[in-house]
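Enquirer:
Numbering (mature numbering (1 follows the signal peptide of the UniProt record, and there is no 0)), first residue to last: -24 to -1, 1 to 282.
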């Protein structure tokens, strides 16, 4: 178990390593990162930021009676919704390694990917909608897709969100609370920006305190990494935090009931296999590759989800 005395050291190491190593441990199986992305547009090119379109009220997971929730086999049998995972949305820097560039989406490439989704007729959904679909078979819009963003990088707010909202898209942002408001070479969102995302109809989820591997939790780690970050995010948004993303996409069976008893409705991995008993706590995502064109992204979406 890590104590608070040593967690800041681990945190600083992780935050430095994320960019240098490109979050290599997060890589999902079967990813195709060979096609280069276009990067000839400046990061500073501004997107118009229209008022966020009104979203239909999402069903409340806590309002669904236990008797109405499907069993694991039924949930596993439902066609999977494509779920994309993003990290940094910014142009590559000269010192970014090839591995890092697999996980950093240049602004122009992200814009092209969102345009492709819009032109192809995709509709973004949020976690409550996914939960209702998986547990009760509730209908989804045509060609549903979920857009998720891990860690809470500032560029997700300043660069990605205006592009999403241009198309009427909504995202789910999984926040690592140790970095809230941190500035420097790789800045992170502050409390005001996180609340603004929530107020605009996006969803805020939890991503631990300092990205500590869930498979290694012991004793007070559950309080430090899960309970306290959840409470902090709820205090920022004024809303329940019901969804969780595993750091590095790593999980074990012991973590699933721990998350369930803490009130999480679902948890998101990066793995290619769901748990056969608790599939709601091993919902699959794929990382959108930084060197993917829009066409490559679509091919991976179609090929990765049945």
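Idealized CB from N, CA, C, for every residue including glycine. Predicted model only: the values in this text are computed from it and were never measured.
Determine the DSSP secondary structure at residue 257, reduced to helix, strand or coil.
Expert: In this structure, residue 257 counts as helix in the three-state DSSP scheme.
Enquirer: Using the Cβ count rule (16 or more neighbours within 10 Å means buried), how would you classify residue 168?
Expert: Burial call: exposed.
Enquirer: Helix, strand or coil: which one does DSSP assign to residue 225?
Expert: Three-state result, residue 225: helix.
Enquirer: With distance defined between alpha-carbon atoms, name the residue in 78, 65, 101 and 96 nearest to residue 84.
Expert: Among 78, 65, 101 and 96, the Cα nearest to that of residue 84 belongs to 65.
Enquirer: Taking the alpha-carbon positions, what's the residue 49 to residue 111 distance?
Expert: So the two alpha carbons sit approximately 11 Å from each other.
Enquirer: Tell me which residues share the same chain as residue 107 and place their Cβ nearer than 6 Å to its Cβ, disregarding the 5 neighbours each side in the sequence.
Expert: If we look at residue 107 and ignore the five residues flanking it on each side, its Cβ neighbours are 37, 241 and 242.
Enquirer: Flag this pair as touching only if the segment 50 to 59 and the segment 115 to 123 have three or more C-beta atom pairs under 8 Å; answer yes or no.
Expert: With the cut-off at 8 Å, the segment 50 to 59 and the segment 115 to 123 touch.
Enquirer: Assign residue 252 to one of two classes, buried (16 or more other C-beta atoms within 10 Å of its C-beta) or exposed (fewer than that).
Expert: By the neighbour-count rule (16 or more Cβ atoms within 10 Å), residue 252 is not buried but exposed.
Enquirer: I need the boundaries of the alpha helix (DSSP H) containing residue 86, first residue and last residue.
Expert: That run of the alpha helix (DSSP H) goes 83 to 95.
Enquirer: Between the segment 161 to 175 and the segment 130 to 141, do three or more beta carbon pairs fall short of 8 Å?
Expert: These segments touch.
Enquirer: Going by DSSP in three states, residue 45 sits in which element: helix, strand or coil?
Expert: Residue 45: coil per DSSP, three-state reduction.
Enquirer: Is the segment 85 to 100 close to the segment 266 to 279, with three or more CB pairs under 8 Å?
Expert: They touch, by the three-pair rule.
Enquirer: Would you report the Cα separation of residue 102 and residue 71, rounded to the nearest angstrom?
Expert: About 35 Å.
Enquirer: Just checking my contact of residue 266 with residue 79 at CB under 8 Å: how many whole Å lie between their CB atoms?
Expert: That belief holds up - the Cβ atoms of residue 266 and residue 79 are roughly 6 Å apart, short of 8 Å.
Enquirer: Which ranges does the beta strand (DSSP E) cover as unbroken runs of at least 3 residues, wholly within the segment 85 to 168, from first to last along the chain?
Expert: You should have 120 to 127 and 148 to 151.
Enquirer: In the DSSP assignment, what are the bridge partners of residue 79?
Expert: Note: residue 79 sits in no beta bridge, so no partner.
Enquirer: Determine the direct distance from the alpha carbon of residue 232 to that of residue 226, and round the result to whole angstroms.
Expert: Rounded to the nearest angstrom, the two C-alpha atoms are 12 Å apart.
Enquirer: Would you kindly check if the distance between the Cβ of residue 223 and the Cβ of residue 52 is under 7 Å?
Expert: Against a cut-off of 7 Å, the Cβ pair of residue 223 and residue 52 comes out as no contact.
Enquirer: With DSSP run on the structure shown, which of helix, strand or coil describes residue 247?
Expert: Residue 247 falls in the coil class under three-state DSSP.
Enquirer: Classify residue 280 as buried or exposed, calling it buried when 16 or more other Cβ atoms lie within 10 Å of its own Cβ.
Expert: With 16 or more Cβ atoms within 10 Å of its Cβ, residue 280 is classed as buried.
Enquirer: So, with DSSP's three-state summary, where would you put residue 182?
Expert: Residue state, collapsed to three classes: strand.
Enquirer: Is it right to say residue 82 is buried, meaning 16 or more other beta carbons lie within 10 angstroms of its own, or is it exposed?
Expert: Flag for residue 82 reads buried.
Enquirer: Which of the three DSSP states is assigned to residue 230 in this structure?
Expert: The answer is coil: DSSP assigns residue 230 none of H, G, I, E or B.
Enquirer: Tell me whether residue 267 sits in a helix, a strand or coil according to DSSP, three-state version.
Expert: Correct three-state label for residue 267: coil.
Enquirer: From residue 191 to residue 258, what distance separates their C-alpha atoms?
Expert: C-alpha separation (whole angstroms): 14 Å.
Enquirer: Among all the DSSP beta bridges, which residues are the ones paired with residue 60?
Expert: In the DSSP output, where bridge partners are listed per residue, residue 60 has 123 and 262.
Enquirer: If distances are taken between C-alpha atoms only, which option among 263, 282 and 278 comes closest to residue 125?
Expert: Measuring from the Cα of residue 125, the nearest candidate turns out to be 263.
Enquirer: State the DSSP-derived secondary structure class of residue 170, mapped to helix, strand or coil.
Expert: DSSP places residue 170 in helix when its eight states are reduced to three.
Enquirer: Compare the Cα-Cα distances from residue 209 to each of 104, 113, 42 and 127 and report the closest residue.
Expert: Cα-wise, what sits closest to residue 209 is 127.
Enquirer: Using the beta-carbon count (16 or more within 10 Å), is residue 278 buried or exposed?
Expert: The residue is exposed, with fewer than 16 neighbouring Cβ atoms inside 10 Å.
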